[in-house]
Amino acid sequence: MKGRIGSILLTLALLAVGCASLSSGPSQQWSVEQANAWYAAMPWLVGCNFTPSTAVNQLEMWQRDTWDPQTIDRELAWAQKLGFNSVRVYLHHLLWKQHARGLLQRMEEFLNIADRHDIGVVFVLLDGCWDPYPQVGPQPEPIPHIHNSGWVQSPGVEVLRDPKRHDELKGYIKGVVGHFRKDRRVHAWDVFNEPDNRNDPAYVKFEPENKAELSLMLLKKAFAWARAARPTQPITAAVWAGDWSNDEKLSEVNRFMLEQSDVITFHCYGNLDEMKTRVESLRRYGRPILCTEYMARPAGSTFADILPYLQQQRIGAYNWGFVAGKTQTIYPWDSWTKTYTAEPLVWFHDILRPDGTPYDVREVTLIRRLTGR
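Numbered per numbering that gives the first Met the number 0, the sequence shown finishes at 372, counting up by one with no gaps.
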């Protein structure tokens, strides 16, 4: 009954926001009042950044030949048992270029699976992280013991560094957002993940020196294209680095993301003190706040320290990773420069082993207590 009432409230909020967005035109950011009305109708959003354990990256997750709904269903059932009600999931523009209809069909299937487990979805449209040379087709096997050895950027450096090619992404963004613009199963649209990340040291030698400038150009277009689809869900992009404490200290990329997002999203892999500082620096916008990436145990970002605070502040909480698998994010970022030959004693990310057993029973117990499970 609780879930049904929440679904009704969310539907009413989405209808109200949808009517307001249609009347104000496609390029309008939600008002503070609209954003807070949307959030008031939502439960506390808690979940993870989800990639099935059988996929090394976004392309392997979504391509027809490696699409794995059985693993997705099994792992989202485990997420439901933890009390997770939302997952953040990455797409890729090459999937649209390869076969747009097939991508939409698999997204529909994914949303159906997630909905059966009472889980909504935040879709990430573009990504500035890791390998800047994405290609469709069979994806490389993971490099043993290296964090995210197969993850790929979208669109990648060849498109990003040529502003004349940025418009190649217009059909993808408008098509995907437009198709699901009224879908209650979609919680939000995350337009561009860490657009100015130069991926030092893993891929920095391949990155443009002016990546922030190029990414901002694409980011502005991507927001406009997403808004032109007139979604009833909020549009956002997360700040992840730099000083956000006042307007004068913001980079141009951070300024745009914070000033244009319907709801504020951010990443923080620091300890509780850093998390609190980050949150307080974002409250001046008066909008709902979601932490769409956190939890790196050796860095001091742990469930025990961070999740109770996010719950108490009613800030959305999406840790990185769920089931240990081909992304190998149990290994730390420094695995790109330091040799590991076996599973680290302290996992960097992820919660469960491939058979569903927890890495740390105490963490799972805490998560379930905080989510009411």
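Just so you know, even glycine gets a beta-carbon here, dropped at the ideal spot from N, CA and C.
Fair warning: this is a prediction, and the values are worked out from it, not measured in the lab.
S148 sits in coil when the DSSP states are folded into three classes, being neither helix nor strand. Here the alpha carbons of F205 and Q134 stand approximately 16 angstroms from one another. Within the segment 135-210, the runs of alpha helix (DSSP H) at least 4 residues long that lie entirely inside it are, in chain order, 156-159 and 169-178. L351 is positioned such that its CB atom lies closer than 8 angstroms to that of A323. In the DSSP assignment, H98 falls within the alpha helix (DSSP H) that extends over H92 to R115.
From the listed residues P357, V156, Y308 and L306, the smallest Cα separation to I329 is found for P357. The Cβ neighbour count for Y268, taken over all protein chains shown within 10 Å, is at least 16; the residue is labelled buried. Ranked by Cα distance from T53, the options L102, Q28 and P141 are led by P141. Comparing alpha carbon positions, the residue from W150, E251, P143 and K173 closest to D195 is E251. Taking a cut-off of 8 angstroms on C-beta distances, the segment 302-310 does not touch the segment 110-117, as fewer than three cross pairs fall below it. Separation of V345 and S148 (C-alpha to C-alpha, rounded to the nearest whole angstrom) is 19 angstroms. Taking a cut-off of 8 angstroms on C-beta distances, the segment 329-340 does not touch the segment 152-167, as fewer than three cross pairs fall below it. Within the same chain, V158 come within 7 angstroms of E167 by CB-CB distance, once the 5 residues on both sides are set aside. Straight across, the Cα-Cα distance linking H98 with A225 is about 20 angstroms.
Counted as a single uninterrupted DSSP element, the stretch harbouring L351 is not any alpha helix (DSSP H), since DSSP gives it neither H nor E. Rounded to whole angstroms, P42 and L249 show a C-alpha spacing of 31 angstroms.
If you ignore the 5 residues before and after G299, its C-beta comes within less than 6 angstroms of the C-beta of N270, all in its own chain and listed in chain order. For R367, the uninterrupted alpha helix (DSSP H) segment begins and ends at V360 to T370. In the three-state reduction of the DSSP assignment, V262 falls in the coil class. Nearest to H146 by C-alpha distance, out of N84, P343, A237 and G371, is P343. In this structure R184 touches L110 by the C-beta definition: roughly 4 angstroms separates them, less than 8 angstroms. Note on P137: under 16 other CB atoms within 10 angstroms of its CB, so exposed under the neighbour-count rule.
Shortest Cα-Cα distance from Q232 to any of F122, T364 and A78 involves F122. In chain order, V238, W243, L249, I263, L281 and Y284 place their CB closer than 8 angstroms to the CB of L257, counting only its own chain and leaving out the 5 sequence neighbours on each side.
Buried is the label assigned to V176, since at least 16 other Cβ atoms lie within 10 Å of its Cβ. Between E292 and H266, the C-beta spacing is below 8 angstroms. Taking the C-beta atoms as reference points, T326 is found no nearer than 8 angstroms to V151. Excluding its 5 nearest sequence neighbours in each direction, G371 has C-beta neighbours in its own chain below 8 angstroms: G82, listed in chain order. By the CB criterion at 8 angstroms, M294 and H348 fall inside the cutoff. The criterion of a C-beta distance shorter than 8 angstroms is not satisfied by K219 and F179.
Counting of Cβ neighbours within 10 angstroms places N209 among the exposed residues, the total staying below 16. In the DSSP assignment, I314 falls outside any alpha helix (DSSP H), carrying neither H nor E. Linking Q104 to D182 through their CA atoms gives a straight-line distance of about 14 angstroms. Linking Q259 to A240 through their CA atoms gives a straight-line distance of about 17 angstroms. A straight line joining the alpha-carbon of V86 with that of E74 spans about 12 angstroms. Counting along the chain, the unbroken alpha helix (DSSP H) around N35 starts and ends at V31 to A39.
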